[in-house]
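Read through the structure below, which is laid out as structure tokens, and then see the notes.
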Amino acid sequence: MIKGFFDTVPWDIERSAMIDGCTRFQLWYKIFLPLIKPGIGAVFIWGFLFAWHDFIYVYTLLPGTVPLLSTLVQGLLATEVV
């Protein structure tokens, strides 16, 4: 996903910065990093959501949470609409 953001950055910017006297560190820190911040944010949010969904899935299947889950199911099945 982040590779797509790197591919959108034109490499003419790198050549221009090198001609202007930027070092490799300055090139990454001052030019590329600000351009790919949205991509880094999207990858961070995407990774967090996947981790959160995995946590919720495992949490519902843990043996300690089975009484809570069974109580919830019993409560839902006990209510009958007449």
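1 is the number of the first residue of the sequence shown in UniProt numbering; add one for each residue after it. Glycine included, every Cβ here is placed at the ideal spot set by N, Cα and C.
Item                                                                                      : Value
Nearest-angstrom Cα separation, counted from isoleucine 13 out to tyrosine 57             : 45 Å
Beta-carbon proximity check, isoleucine 31 vs alanine 17, cutoff 8 Å                      : yes
Pick from Pro38, Leu49, Gly47 that is closest to threonine 8, judged by C-alpha positions : Pro38
Endpoints, the alpha helix (DSSP H) within which isoleucine 31 is located                 : From DSSP, isoleucine 31 is part of no alpha helix (DSSP H); its letter is neither H nor E.
Start and end residues, alpha helix (DSSP H) containing methionine 1                      : Note, methionine 1: premise wrong, no alpha helix (DSSP H); not H, not E.
Contact under 8 Å by Cβ, phenylalanine 6 with isoleucine 36                               : yes
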